[in-house]
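See below for the structure under consideration.
Chains as they are written, first to last, in our numbering: chain F, 3 to 348; chain S, 3 to 348.
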C-alpha cells in the first residue's frame, strides 16, 4: 500500500504524523501546532540545546537501513549529546524534507521510530517542519534538555592526573557498517538471496539501533561523581580524546589493552583483516560516553559496571599518546569520519 | 577565488565560519564548541523554540538569490516565528549541508548573512552542524527565544468581536518572486543583459531580504496590548486566518478595502495581469504579523503606525468571509503555498 504524500499536503502530513502526541514532561508547556513550542524550565536548571542534520546518501543508506530504525537512531544520537553534558533530554523538534520517492507509509515508519525513541527516553516531540526536497531525505532534529546549574560537564575541564573512562565497548557500530556494506555489494549480484547475519546481531544492532547512555549518567549521579570533562563518542575515540585534550589544554596517555572491545567486533575485524585497535579508536558512531574524573574517584569508577578506565590525563607538552600492548607509544591521530572530505559528491 | 571545502574539513569549516562569534545575551551561557549549547532563562520567562528546514530548489533558487541574502532570510524567518508568540528571539543553531558545488567562499557569504541578521536582531549563534549533501544546499535553523510567562500569545485565543489586525503590507514578496522568475526566464535566452529592476526595489527587497516585525511586538508592549491571538504571515493571509479561526473555534469577516497593499505591488499585479487581492491574500512570505485584540483596544490599535484593522472575529458558524469592495461575500480558501504538492520532484 502506497499513499502519495501530496494527497495530504504539508499540514495534513504533519497532523497525521503528530496525531495523539502527548506531552510527558513538566517543562513542556505547549507542543506542535503554533509558531513555536513553549517550554518552562525551573530556575535551578540550565537549558541544553543540540542539533543534527542527517542527509540521505551521506549519513544513511536506505538500501539497508529500515526507516523505523533510522528514525530511532536520529533521535537517540541527539539525546546522546545532551547526556554528554551530564544532562537529561526533554524535548525534540523534528524537521523532515522528503522527495516524491517517499510515501505517507514511509513517513509513518520513520516517525514511528522517532516516537519509540522518545517514549523510551521520556522525551516530548514539541515541533518541527515537514517539507519537500528535490532528491532524497533530510532529517534535522534539535534536542532540548536540562541539567543542574552546577553540574553541567563541558569538554574543557580535564586536569592533569584525571582518570580517563569509557562506557560500553568501541568499534562495534563501525564493524556493523562494514558488514552491511559488504552484504549490499554481494546482494547486488545475487538477487533474492537473504544475507546470514547470525552471530553478528550485536554489530548490526550497534549500527542500526544505537542507544544513548542514560544509565551511565544516572549511575554517575547516584555515585556522587561529576566528571571533569565529558563528551559522547560519535566520530571515534581518537578524535574525541583530542577534542577534550585540546579544549582542556592537557595531554593524555591511554592503554591499548584497556580499550573495551566486544568479542563479535574482534571476530569481524579478523574476518575483514582489519586492525582491531584502529577500528575501536577511529570507528565512530559508538555513542558511548568518554569522560574524565579526578583521581580521588578512582575507587568509585573502577567499581562501576559498564565503565572502563583506559588511561589518564597528562601535561599538555606530553601530547596524546596510545601505549600498545607491547609498550610502544604512538601519537593519537584523529582519523574520525569526516563527511566533508567524502569524494562521492556532485 | 575558490577554496574547496574539503581542504578545511568539517571541524575546520565550523571553526572558520564561527570565528570571532561573541555571545550578547545574558541567557547565552555557552555557545559553539561542545556537545550542546548551554542557556539559562530567568524563572519568570518561558522558553520558545521554532525550527525551519530550507531545501535548495524548493525554498530558494540560487540563480537569483545571493547567498548572503539567503542566510539573512533563513535567520529572519525564524525570528519572525518567535515574535509571533509575542516573544524575543535570543539564540539560533545553524545546520548546513552542502554539496561539492559550494566553496568555502560561498559558505562565508551565507554565514555573513546569518551573522548580519543575528547582529541586527541581537541574537546569538550558539551551535549547529555542518556536513555534506549529495546534491544542493540544505539549511536548518532552530531559534530559541523568551517571553513573559503570562504574555505568550497563541493562535487559539481569538474571541468573538475581537478586531483583526495586520502589520505592514501584503503581497509584495510574492510579486518580487514573480518578477525574479520572469527575469530568470528572459535572461536564459539573452545572456549578458542586465535586468532593469528600477522602481521595483521594494518588491525585490521584500522577497530577498524580509524583516521580522520586532518593532510591532515592541509597540504592542509599549501600548499595553496583549493580543488574544497572533501568528506571522508566511503562507498567505487566507491560510493564516483560517489557522487562527480553526484553532480558536471562531469565524471572521475581513474587508478587501482594508487589506494593506503597497503601490508597487499593485503596479506589478497590473503588469502581470493578476488579481491584486488574490496576490495579497495568498501570496505568502510577507512575514508580517496577523493578530487579534479585544474591541476595547480599538483606539489604541487604530492609532498604531504600521498596523491596519482589516475586520473582526465572529461566531464559528458564520465561517471565514472576505467582503469585497462591491459588497459581495466570499468564503476564504487557504491557497497558501504548499511545498508538498509541488510537481517538480524526483
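All residues carry an ideal CB built from backbone N, CA and C; glycine is no exception.
Residue from the options with nearest C-alpha to residue i
| i | options | result |
| --- | --- | --- |
| residue 103(F) | 134(F), 14(F), 197(F) | 134(F) |
| residue 151(F) | 265(F), 44(F), 9(F) | 44(F) |
| residue 288(S) | 164(S), 86(S), 328(S), 32(S) | 86(S) |
| residue 246(S) | 316(S), 301(S), 259(S) | 316(S) |
| residue 80(F) | 106(F), 141(F), 27(F) | 141(F) |
| residue 318(F) | 244(F), 307(F), 274(F) | 244(F) |
| residue 280(F) | 176(F), 249(F), 165(F) | 176(F) |
| residue 94(S) | 73(S), 88(S), 128(S) | 128(S) |
| residue 328(F) | 234(F), 68(F), 258(F), 100(F) | 258(F) |
| residue 137(F) | 60(F), 310(F), 145(F), 331(F) | 60(F) |
| residue 160(F) | 35(F), 300(F), 254(F) | 254(F) |
| residue 62(F) | 321(F), 139(F), 218(F) | 139(F) |
| residue 30(F) | 168(S), 298(S), 35(S), 50(S) | 50(S) |
| residue 76(S) | 19(S), 11(S), 214(S) | 214(S) |
| residue 312(F) | 301(F), 302(F), 324(F) | 324(F) |
Interface flag, residue i vs chain F, CB-CB below 7 Å
| i | result |
| --- | --- |
| residue 285(S) | no |
| residue 220(S) | no |
| residue 157(S) | yes |
| residue 30(S) | no |
| residue 303(S) | no |
| residue 334(S) | no |
| residue 57(S) | yes |
| residue 2(S) | Nothing can be reported for residue 2(S): it is not among the residues displayed for chain S, which extend from 3 to 348. |
| residue 84(S) | yes |
| residue 205(S) | no |
| residue 276(S) | no |
| residue 45(S) | yes |
| residue 282(S) | no |
| residue 65(S) | no |
| residue 38(S) | yes |
| residue 154(S) | yes |
| residue 126(S) | no |
With 16 other Cβ atoms within 10 Å as the buried cut-off, status of residue i
| i | result |
| --- | --- |
| residue 47(F) | buried |
| residue 58(S) | buried |
| residue 82(F) | buried |
| residue 314(F) | buried |
| residue 88(F) | buried |
| residue 209(F) | buried |
| residue 17(F) | exposed |
| residue 3(F) | exposed |
| residue 349(S) | Past the edges of chain S, shown from 3 to 348, lies residue 349(S), and the structure says nothing about it. |
| residue 282(S) | buried |
| residue 199(S) | exposed |
| residue 202(F) | buried |
| residue 284(S) | buried |
C-beta neighbour in chain S for residue i, strict 7 Å
| i | result |
| --- | --- |
| residue 16(F) | no |
| residue 137(F) | yes |
| residue 19(F) | no |
| residue 50(F) | yes |
| residue 248(F) | no |
| residue 60(F) | yes |
| residue 41(F) | yes |
| residue 140(F) | yes |
| residue 230(F) | no |
Simplified DSSP state of residue i, which is helix, strand or coil
| i | result |
| --- | --- |
| residue 261(S) | coil |
| residue 86(S) | coil |
| residue 200(F) | coil |
| residue 318(S) | helix |
| residue 210(F) | helix |
| residue 119(S) | helix |
| residue 299(F) | helix |
| residue 181(F) | helix |
| residue 131(F) | strand |
| residue 9(F) | helix |
| residue 39(F) | strand |
| residue 32(F) | strand |
| residue 99(F) | strand |
The ligand GTP heavy atom lying under 6 Å from the CB of residue i
| i | result |
| --- | --- |
| residue 140(F) | Among the components of this structure there are no ligands whatsoever, and the ligand GTP is therefore not found. |
Bridge partners - residue i, DSSP secondary structure assignment
| i | result |
| --- | --- |
| residue 332(S) | 324(S) |
| residue 93(F) | 126(F), 146(F) |
| residue 285(S) | DSSP, once it has assigned bridges, lists no residue as partnering residue 285(S). |
| residue 233(F) | 292(F) |
| residue 62(S) | 58(S) |
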